[in-house]
Every structure is written in structure tokens, then in C-alpha cells.
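Going line by line, the protein sequences match chains A and B.
Note that our numbering has the first sequence beginning at 1, numbered continuously upward.
Note that our numbering has the second sequence beginning at 329, numbered continuously upward.
Where a beta carbon is used, it is the ideal one built from N, C-alpha and C, also for glycine.
Since the model is a prediction, treat every value here as computed from it, not as a measurement.
Worksheet: one structure, shown below.
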Amino acid sequence: MGMKTLERLKGLPLVVVGVGLLALPSFVDNYILYVMTRLFVYVLVALGLNLLTGYTGQVSLGHAAFFAIGAYTAAVLAESWRWPSVLCVVAAAVFTAVVGYLLGLPCLRLSGLYLAMATLGFTLIVQEMLLQLAVITHGSEGMKVRPASILGFTFDSDYRKYFLLLVVTTSMLIVARNLIRGRTGRAFLAIRENERAAEAMGVNLAQYKTIAFAISALYTGLAGALSAFLVGFLDPQEFSVFLSIQFITIIILGGLGSLLGSVLGAGFLIILPELLAGLDVWQALVYGLLMVLTIIFMPYGLSGAIRRHAYRWLGVGVEPIVPRRLGH
Amino acid sequence: MVEILTSQVVSGLATGCVYALIALGFVLIFKATDVVNFAQGEFVMASGFISYTLLIRFELPYWLVFLATIALSGIMGVALERVVVRPIMTAPIFSIVIATIGASIVMRSSAGILYGYDVLPLPTIFSKDPIHWGVLNFTLMDAGVIGSSLVIMVVLYLFFKLTKTGTAMRATAQSQTAARLMGVSVGRIFSLTWAISAGIGGVAGVLIAPIIYLDPNLGFIGVKAFAGAILGGFGSIPGAIVGGMLLGILENLSGYFFNAGIKQVSTYILLILVLVVRPGGLFGAAPIRRV
Numbered sequence: 001m002g003m004k005t006l007e008r009l010k011g012l013p014l015v016v017v018g019v020g021l022l023a024l025p026s027f028v029d030n031y032i033l034y035v036m037t038r039l040f041v042y043v044l045v046a047l048g049l050n051l052l053t054g055y056t057g058q059v060s061l062g063h064a065a066f067f068a069i070g071a072y073t074a075a076v077l078a079e080s081w082r083w084p085s086v087l088c089v090v091a092a093a094v095f096t097a098v099v100g101y102l103l104g105l106p107c108l109r110l111s112g113l114y115l116a117m118a119t120l121g122f123t124l125i126v127q128e129m130l131l132q133l134a135v136i137t138h139g140s141e142g143m144k145v146r147p148a149s150i151l152g153f154t155f156d157s158d159y160r161k162y163f164l165l166l167v168v169t170t171s172m173l174i175v176a177r178n179l180i181r182g183r184t185g186r187a188f189l190a191i192r193e194n195e196r197a198a199e200a201m202g203v204n205l206a207q208y209k210t211i212a213f214a215i216s217a218l219y220t221g222l223a224g225a226l227s228a229f230l231v232g233f234l235d236p237q238e239f240s241v242f243l244s245i246q247f248i249t250i251i252i253l254g255g256l257g258s259l260l261g262s263v264l265g266a267g268f269l270i271i272l273p274e275l276l277a278g279l280d281v282w283q284a285l286v287y288g289l290l291m292v293l294t295i296i297f298m299p300y301g302l303s304g305a306i307r308r309h310a311y312r313w314l315g316v317g318v319e320p321i322v323p324r325r326l327g328h
Numbered sequence: 329m330v331e332i333l334t335s336q337v338v339s340g341l342a343t344g345c346v347y348a349l350i351a352l353g354f355v356l357i358f359k360a361t362d363v364v365n366f367a368q369g370e371f372v373m374a375s376g377f378i379s380y381t382l383l384i385r386f387e388l389p390y391w392l393v394f395l396a397t398i399a400l401s402g403i404m405g406v407a408l409e410r411v412v413v414r415p416i417m418t419a420p421i422f423s424i425v426i427a428t429i430g431a432s433i434v435m436r437s438s439a440g441i442l443y444g445y446d447v448l449p450l451p452t453i454f455s456k457d458p459i460h461w462g463v464l465n466f467t468l469m470d471a472g473v474i475g476s477s478l479v480i481m482v483v484l485y486l487f488f489k490l491t492k493t494g495t496a497m498r499a500t501a502q503s504q505t506a507a508r509l510m511g512v513s514v515g516r517i518f519s520l521t522w523a524i525s526a527g528i529g530g531v532a533g534v535l536i537a538p539i540i541y542l543d544p545n546l547g548f549i550g551v552k553a554f555a556g557a558i559l560g561g562f563g564s565i566p567g568a569i570v571g572g573m574l575l576g577i578l579e580n581l582s583g584y585f586f587n588a589g590i591k592q593v594s595t596y597i598l599l600i601l602v603l604v605v606r607p608g609g610l611f612g613a614a615p616i617r618r619v
């Protein structure tokens, strides 16, 4: 088969995956649908985090906080204020984006490890606020959230939730793809590669870095809001630093600066524990081992490995280049 | 009032010294190899369990347990470097960091499988009886922890300054290429650095486990030590020591004035404020933007 033909067949896997995802609910039980729905939520977060960390080079351990802010904003608006579900989700995403923008301002001076530490502090602070502001958040009791509904149509079954998330996640994936291919995405990459050179080329560093924070927070807040409606219960203990570390693990294992990587990484880290569920006490051990082995054999993440092999063996695409350091 | 405050400061300093030791481990590895080792806290946890086993199950004398724990922890450090980090030294730094996080999950769950998740009591040679000394008010345990930490730091300082190996390590931290050209075996220095860092983590484990608790989650103390290292300026050895100590004192004082939840938050708010004013930490230079 010639190279041209292969190049043309690049869209084929996408079609196969798309048909597979649409047909999936007819073949599997509700639990698998629920796992898949959670997977979509994580894909949304991974997309947001990858835009900030993978594309713009700004490390964040604050995304558990954004996720919590999105989830709680939607829950409070829906339960205490009785807003319609759509408005709740949109307002939660926008509010999280504003918080992200504001957090981005003091973080302009920071980079690398210091940025990681400051955003980690943000996660700890927000989690503590969820417990302290019990008047609004019900503190350690957590919050119940009723299923979302649009014009009387309620998303209460695993089947309906699956399609809701499939549509939202796919749309946001397309938005992210267009974003990174446009002016904004090129500015992000320029900042990641070399801040001074980017500035010399006319990229307004402060503006684009805070925009990256805001967009990243928007994705994560949206994921949080949807997750609140899906799970139906918010437990403040869940929005810990470990969730932030899990998010960053997803994008690194999947592949930094790659949308495909965000999807694969989320798939890897959500499905793997389900597959290992039968191992009982050994689960965490095997999970950790697989994490180490994956990195040793695929140091550029799953998408890096796929791209490299596609290029080497099939001549499709380009050899992936990922910088050794980010944000230095 | 003053006596309560001083006792808070001294016991904070004791915890802070342990943070400083762990932070030193972070910084040594970072300076030599550019890697942030997120399994640093797990060395502390593992040494706690090693010393527990040697002390309770094998009933060895305390001094021997202390030395054996440091040695075993050091060996663990070398093993981690050889097996996990060395094969991916040319990979992106991020990937190496995630590999160390994976290793920390493996170590934590292994400890859970071997010892369970209940808190174990680890005895200490220092008594917890209070001592009054003018306005100073502390326990022998505080003094012992502070004293041992300071001794370790001085020994390390002398090692780096006076021995040939120490000089080779400093040279490697400055420039790997130049060090290699001068005949330094950089690979061996990497292993040695991991051994020393893990060994210091071992000391920290023996010192801190009796004070707080001993269970597989003890390793999360590494996050605080990391915060201390950042506060001081990551990459600076005096920064790690001062940052760790400051963090311990701050945490203890805010725990005295506020409730437990606010204690955590106030420490991190302060940390973020320091970073906004000094983006490279207290002792670190502002990060240089490479062109």
C-alpha cells in the first residue's frame, strides 16, 4: 500500500471509534456505561489541563480545585437556587473560568516547580474552604444533587447520561482542536517553547498565559459541573491534592501537548483500575507498577508512542517532538 | 504565655528539622540530576517500617537499628535510581517525575500489604517529659530530633566540602559535561546522590515516625517537605534547611492560634504570598528565562 493511501486512511480510526462509541450502549451493561461516562468527564479535564500544561507549558496541580469549584457551583445553583440545569452547567463553567483567570494573575510570575507548588496550595485552600463554608457547601456532610434535566427531559439513566457526556465531550474536543490550530494555540505553543522569543514575535505573554488558565479552568469547571449531576453526590474529601496529581498523571501518561494523549491517558487511568478490581490488596501495587512500566517503555506517553510507531512503520504523520523541560 | 509560645516554636522546629532533612533529599537529587523525586516521602515511610521491624521483631539495639535503617534506605534509593530512573534519564523531566510517583504508589501499597493500614507504635530513645530551661520549654524528644538533624546536616556539609567524592558531586551538580571531562564517573555520582538522599530520608523516618504516626501513608509528609524546599528556594541547600524549619514552626504556631483546618490553609496562603513576592523562594534566584 502506498504512503498516499495510508495518509488518506488517517480518518478511518476516528470513524471506527465514533461508530463504536455510538453502538456501545446496545452491547454493554449499565456499569460499563457508567465507567465510560466517568471516562468522558476525565477526558474533559485532561483536555483542559493539557491546554495549560502540555501546550502552554504551565504546570498546574490546582485542577482538583477547579473541578470542585465547577461541581459545587452547579450543585448550589441547582439545589439551593433551583436554576435550570443548563444554566447551572454554563454558569459553573464560566465562574470557574473567572477563578482560573484570577489565579492566573499572581501565577504570571511563577514557573515550573514554583507554579506547581502555588497551584497545589490553591487545591489545599479550596478543599479546606469547602469544609469551612458549610453554610453554602454543607461542609463534610457533602451535597446531594438531583439529575439534570433539559425542558422536562431528565438525564436520570446511565444510558441518557452516557449520550449527554458523549456529545459534550466530543464537542469540546473539536473546540480544543480548533483552538490549538488557530492563533491562540500557536501563541500557547510559542510561550511553551520560548517565552522571550514568543514575546519578540508579538505574543502578549501575560494575556495569553491568563487566557490559558481561564480556558483550562473552563474545561475543568464544565467537567466538574457535569460530574456533579452524573454522580448525584459531592464529597469534599474527593477534591484533594491526589485528584490533581491523578489529572496530571493522565496527561503525562497519555502524552503532553496532544489531544489524542488526553483521551488515551484518561482511558488508561480510568479503565485500568476497573480491570484490576479483582486483585484486591494487590490492586494499587500492580497499578503503580504498570504506571512505571508504561513510562519506561513510552517516555513520551501513549500518544507519543503511537505517533512514533505510525511514523516509523507506516510513514504516517510526523516524528513527534516533545521538549525535555517545560516551564523552565 | 511566652513559655507556651516558645514550646510551640521549639516543637515546631523539631518537626521543621525533619522537613528540612526530607527537603535536603529533594534538593540533592534535583541539583545532581534535574529530577524531582516524588518518592522521597516513601523513603521516610519505608525507613519507619524498617526500623520498626528491626527494633520490635528482631529486637536489635537502637544505635544498630539507626545505622542499619540508614543503610537499607540508601540501598533502596540506589535501587530506585538504577531500575526506574536511569533507563529514562533522557526522557522529558515530567515523565521521570510521574515514574517516581508510580514508584511511590508501589512502595506505599507494598507497605500496606506487608504491615496493614493500622497505626503502629515506634519507640524512641528520647523521653517525652517536659524540660524547663528559663523561658524555654521543651521535651527531650524535641531536643533530640533537632540535635540529630543538625549533626546530620553538619556531617553532610563537611562531606561536600572536604572529601574528594563530595567535590565530585558538587562538580556534577554544576555541569555534568565538565565533571565527566574531569574524570568524574557521573553515573556513579547519580547513584551515590540517590543513596545519600534516601539515607537522609531514612534518618527523617526514624526521627519523625515516633512523633506523628507510623502507617503506609506517612510518606505524604514528603508534600510538606517539598513545600518547605520551595519556600526556601528549590535547588538551594541552605534554602531547603531554612524553608523546612520555617514551615515546621509556622505550621505549629498557626495550629496553636487557629483550628486544625485553618492551620493547613494559613501555611499555604503564606507560602503563595512569599512566592508571589519572591518567585524563586526565599534563597533561590529568580528563575532565569532561557533564550
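Taking 7 Å as the cut-off, is the beta-carbon of Leu-382/B closer than that to any non-hydrogen atom of the ligand MN? Although the ligand MN was asked about, the structure shown includes no ligands whatsoever.
Enumerate in chain order the residues of its own chain whose CB-to-CB distance from Met-497/B is below 6 Å, with the five nearest sequence positions on each side excluded. As a first step, residue 497/B is located in the second sequence; it is residue number 169 there, counting from the start. These residues qualify, in order along the chain: Ile-517.
Proximal residues to Gly-533/B (C-beta, below 6 Å), its chain only, five neighbours per side dropped: Numbered from 1 along the second sequence, position 205 holds the residue referred to as residue 533/B. Taken in chain order, the residues that qualify are Val-372, Ser-375, Gly-376.
Report all residues from its chain with a CB closer than 7 Å to the CB of Leu-395/B; omit the five preceding and five following residues, and keep chain order. Stepping through the second sequence from its first residue, residue 395/B is reached at position 67. Hits under 7 Å: none found.
Taking the alpha carbon of Phe-95/A as the reference point, which residue from Leu-285/A, Ala-46/A, Ile-215/A, Val-28/A has its own alpha carbon closest? Indexing the first sequence from 1 puts residue 95/A at position 95. Residue Ile-215/A is the option with its Cα nearest to Phe-95/A.
What is the DSSP secondary structure of Pro-13/A, counted as helix, strand or coil? To locate residue 13/A, count along the first sequence from 1; it is residue 13. Looking at Pro-13/A - three-state DSSP - the assignment turns out to be helix.
Among residues of its own chain, excluding the 5 on either side of Gln-283/A, which ones have a beta-carbon nearer than 6 Å to its beta-carbon? Taking the first sequence and counting its residues from 1, the one referred to as residue 283/A is at position 283. Leu-276.
In three-state terms, what does DSSP make of Phe-548/B? Reading the second sequence from its first residue, position 220 is the one you call residue 548/B. The three-state reading of DSSP puts Phe-548/B in helix, counting H, G and I together.
Where Thr-343/B falls: helix, strand or coil (DSSP): Locating residue 343/B in the second sequence gives position 15, where the first residue counts as 1. If DSSP states are grouped into helix, strand and coil, Thr-343/B belongs with the helices.
Are the CB atoms of Ser-432/B and Ala-367/B nearer to each other than 8 Å? Locating residue 432/B in the second sequence gives position 104, where the first residue counts as 1. Locating residue 367/B in the second sequence gives position 39, where the first residue counts as 1. In contact: Ser-432/B and Ala-367/B (Cβ atoms closer than 8 Å).
Short CB-CB distance (under 8 Å) between Leu-326/A and chain B: Locating residue 326/A in the first sequence gives position 326, counting from the first residue. Since pLDDT at Leu-326/A reaches only 49, below the 50 mark, its modelled position is unreliable, and the value read off the structure follows with that caveat. It does; some Cβ of chain B falls within 8 Å.
Comparing C-alpha positions only, which one of Pro-415/B, Met-435/B, Ser-477/B sits nearest to Leu-349/B? Here residue 349/B refers to the residue found at position 21 of the second sequence. With distances taken between Cα atoms, Leu-349/B lies closest to Ser-477/B.
Cβ-based contacts, 7 Å cut-off: residues of the stretch 125-159 of chain A near chain B: Ile-125, Glu-128, Leu-131, Gln-132
Considering only their Cβ atoms, is the gap separating Pro-607/B from Tyr-114/A smaller than 8 Å? Along the first sequence, read from residue 1 onward, the residue named residue 114/A stands at position 114. Along the second sequence, read from residue 1 onward, the residue named residue 607/B stands at position 279. The beta carbons of Tyr-114/A and Pro-607/B sit closer together than 8 Å.
Excluding the 5 residues flanking Ser-339/B on each side, which residues of the same chain have their C-beta closer than 8 Å to its C-beta? Counting from 1 along the second sequence, the entry for residue 339/B is found at position 11. Answer for Ser-339/B: Phe-466, Thr-467, Asp-470, Asn-580, listed in chain order.
What is the DSSP secondary structure of Ile-150/A, counted as helix, strand or coil? For the purposes of this step, residue 150/A is taken as the residue at position 150 of the first sequence. Strand, per DSSP.
What number of angstroms, rounded off, separates the C-alpha of Ala-116/A from the C-alpha of Leu-388/B? Position 116 of the first sequence holds residue 116/A. Position 60 of the second sequence holds residue 388/B. Those two C-alpha atoms are separated by around 42 Å.
Going by C-alpha distance, which of Val-447/B, Val-412/B, Met-510/B is nearest Val-434/B? Against the second sequence, residue 434/B aligns to sequence position 106. Considering only alpha carbons, the answer is Val-412/B.
Strictly under 8 Å for the Cβ-Cβ distance: is Val-619/B near chain A by that measure? Along the second sequence, read from residue 1 onward, the residue named residue 619/B stands at position 291. Low confidence applies here, because Val-619/B scores a pLDDT of 39, under 50, leaving its location unreliable; read the following figure in that light. With 8 Å as the cut-off, Val-619/B counts as an interface residue toward chain A.
So with CB distances below 9 Å, who are the chain B contacts of Thr-210/A? Sequence index remark: in the first sequence, residue 210/A carries index 210 (1-based). Near Thr-210/A there are no residues of chain B at all, since even the closest Cβ is about 15 Å away, more than 9 Å.
If we call anything under 8 Å between Cβ atoms a contact, is Tyr-380/B one with Leu-484/B? Working through the second sequence from its first residue, we reach residue 380/B at position 52. Working through the second sequence from its first residue, we reach residue 484/B at position 156. It is not a contact, given that the beta carbons lie outside the stated cut-off.
Three-state secondary structure (DSSP) at Asn-204/A? In the first sequence, counting from the first residue as 1, residue 204/A sits at position 204. Three-state DSSP puts Asn-204/A in coil, outside helix and strand.
Can you have a look at Tyr-72/A and say buried or exposed, based on whether 16 or more other CB atoms are within 10 angstroms of its CB? Reading the first sequence from its first residue, position 72 is the one you call residue 72/A. It is buried - the Cβ of Tyr-72/A has at least 16 other Cβ atoms within 10 Å.
How many whole angstroms separate the CB atoms of Gly-57/A and Ile-251/A, which I take to be in contact at a CB cut-off of 8 Å? For the purposes of this step, residue 57/A is identified with residue 57 of the first sequence, where counting begins at 1. For the purposes of this step, residue 251/A is identified with residue 251 of the first sequence, where counting begins at 1. Incorrect: roughly 13 Å between the Cβ atoms, too far for contact.
Exposed unless 16 or more other CB atoms sit within 10 angstroms - verdict on Leu-326/A: If you number the first sequence from 1, residue 326/A lands on position 326. Its pLDDT being 49, under 50, Leu-326/A is placed unreliably by the model, and the measurement read from it follows with that caveat. The residue is buried, with at least 16 neighbouring Cβ atoms inside 10 Å.
Start-to-end residues for the alpha helix (DSSP H) that takes in Phe-386/B: To locate residue 386/B, count along the second sequence from 1; it is residue 58. Premise fails: Phe-386/B is in no alpha helix (DSSP H) and is neither H nor E.
Could you name the residues of the same chain whose beta carbon sits closer than 7 Å to that of Cys-88/A, not counting the 5 residues immediately before and after it, in chain order? Working through the first sequence from its first residue, we reach residue 88/A at position 88. Hits under 7 Å: Ala-74, Leu-77, Ala-78, Ala-225.
Got a sec: is the Cβ-Cβ distance from Gly-609/B to anything in chain A below 8 Å? Stepping through the second sequence from its first residue, residue 609/B is reached at position 281. By this cut-off, Gly-609/B is an interface position.
Between which two residues does the alpha helix (DSSP H) holding Leu-272/A run? If you number the first sequence from 1, residue 272/A lands on position 272. Leu-272/A -> alpha helix (DSSP H) spans 259-275.
How big is the Cα-Cα spacing for Ile-565/B and Ile-398/B? Residue numbering aside, residue 565/B sits at position 237 when the second sequence is read from its first letter. Residue numbering aside, residue 398/B sits at position 70 when the second sequence is read from its first letter. Going from the Cα of Ile-565/B to the Cα of Ile-398/B covers about 20 Å.
At what residues does the beta strand (DSSP E) containing Trp-461/B begin and finish? In the second sequence, residue 461/B corresponds to position 133, counting from 1. Here the beta strand (DSSP E) through Trp-461/B covers 458-461.
Tell me the rounded alpha-carbon separation between Val-602/B and Gly-547/B. Sequence index remark: in the second sequence, residue 602/B carries index 274 (1-based). Sequence index remark: in the second sequence, residue 547/B carries index 219 (1-based). Each residue's alpha carbon lies about 26 Å from the other.
Cβ pair Leu-575/B, Ala-555/B closer than 8 Å: Residue mapping note: residue 575/B aligns to position 247 of the second sequence, counting from 1. Residue mapping note: residue 555/B aligns to position 227 of the second sequence, counting from 1. Taking 8 Å as the Cβ cut-off, Leu-575/B and Ala-555/B qualify as a contacting pair.
For Pro-420/B, which option in Gly-304/A, Ala-212/A, Phe-247/A, Phe-242/A has the closest C-alpha, if you only look at C-alpha atoms? In the second sequence, residue 420/B corresponds to position 92, counting from 1. Checked all of Gly-304/A, Ala-212/A, Phe-247/A, Phe-242/A; the closest Cα to Pro-420/B is Gly-304/A.
List the endpoints of the continuous beta strand (DSSP E) containing Asn-465/B. In the second sequence, the residue the question calls residue 465/B occupies position 137. Unbroken beta strand (DSSP E) run through Asn-465/B: 464-467.
Output the distance between the C-alpha atoms of His-328/A and Val-59/A, rounded to the nearest integer angstrom. The residue you call residue 328/A lines up with position 328 of the first sequence. The residue you call residue 59/A lines up with position 59 of the first sequence. With a pLDDT of 38 at His-328/A, under the threshold of 50, the predicted position of this residue should be treated as unreliable, though the coordinate-derived value follows. Cα to Cα, His-328/A sits roughly 10 Å from Val-59/A.
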